[in-house]
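Chemist: In this note's numbering, the protein residues as written are 45 to 161.
Have a look at this one.
Structure (structure tokens):
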């Protein structure tokens, strides 16, 4: 099986920071899926403790959906945990490369580097 990659400018990725360690993919889908079709979700994890590092990357099919999510969700409270507010921003394409692999799966090459900012 051969996987081909190609760059795309049609989809757009956001980064969500300050998530609770209990935030999972289903919570992200429910919360952020209302803004448009989600292509991929990557939750950074501490594999030693098997918990979320509080950072997730969400790739939307369209840039419009990603921008709407940033506008509506930045500094919002999710999972009803006051005063736990999330930070939502668009991924800077100059520092991160979004790729499509194989049959439309998306990922981030430099997710680890972005989590350090």
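The beta-carbon is built from N, C-alpha and C at its ideal position, and this holds for glycine as well.
Quick caveat: nothing in here was measured; it's all calculated off a predicted structure.
Only counting the same chain, and skipping five residues up and downstream in sequence, which positions put a Cβ closer than 8 Å to that of residue 71?
Modeler: In the chain shown, counting from the first residue as 1, residue 71 sits at position 27. Counting only Cβ-Cβ distances below 8 Å, and skipping sequence neighbours, we find 122, 123.
Chemist: Locate the alpha helix (DSSP H) running through residue 71, then write down its first and last residues.
Modeler: Looking up residue 71 in the chain shown gives position 27. Its alpha helix (DSSP H) spans residues 69-76.
Chemist: Tell me the rounded alpha-carbon separation between residue 93 and residue 62.
Modeler: The sequence position of residue 93 within the chain shown is 49, counting from 1. The sequence position of residue 62 within the chain shown is 18, counting from 1. Each residue's Cα considered, the two are about 17 Å apart.
Chemist: Counting only the same chain and skipping the five closest in sequence on each side, list residues whose C-beta sits under 8 Å from that of residue 73.
Modeler: For the purposes of this step, residue 73 is identified with residue 29 of the chain shown, where counting begins at 1. Counting only Cβ-Cβ distances below 8 Å, and skipping sequence neighbours, we find 82, 85.
Chemist: In three-state terms, what does DSSP make of residue 108?
Modeler: Position 64 of the chain shown, counted from the first residue, corresponds to residue 108. Residue state, collapsed to three classes: helix.
Chemist: Hey, how far is the Cα of residue 59 from the Cα of residue 128?
Modeler: For the purposes of this step, residue 59 is identified with residue 15 of the chain shown, where counting begins at 1. For the purposes of this step, residue 128 is identified with residue 84 of the chain shown, where counting begins at 1. Going from the Cα of residue 59 to the Cα of residue 128 covers about 16 Å.
Chemist: Is the Cβ-Cβ distance between residue 56 and residue 115 less than 8 Å?
Modeler: Within the chain shown, numbered from 1, the residue matching residue 56 stands at position 12. Within the chain shown, numbered from 1, the residue matching residue 115 stands at position 71. Not closer than 8 Å, so no.
Chemist: Less than 8 Å between the C-beta atoms of residue 109 and residue 118, yes or no?
Modeler: Position 65 of the chain shown, counting from 1, holds the residue named residue 109. Position 74 of the chain shown, counting from 1, holds the residue named residue 118. No; because the gap between Cβ atoms is not below 8 Å, this pair is not in contact.
Chemist: Is there at least one non-hydrogen atom of the ligand FMN closer than 7 Å to the beta-carbon of residue 107?
Modeler: Ligands displayed in this structure: none; no statement on the ligand FMN is therefore possible.
Chemist: Where DSSP assigns a beta bridge to residue 101, which residues make up the other side?
Modeler: Taking the first residue of the chain shown as position 1, residue 101 is located at position 57. Beta-bridge pairing links residue 101 to 59, 86.
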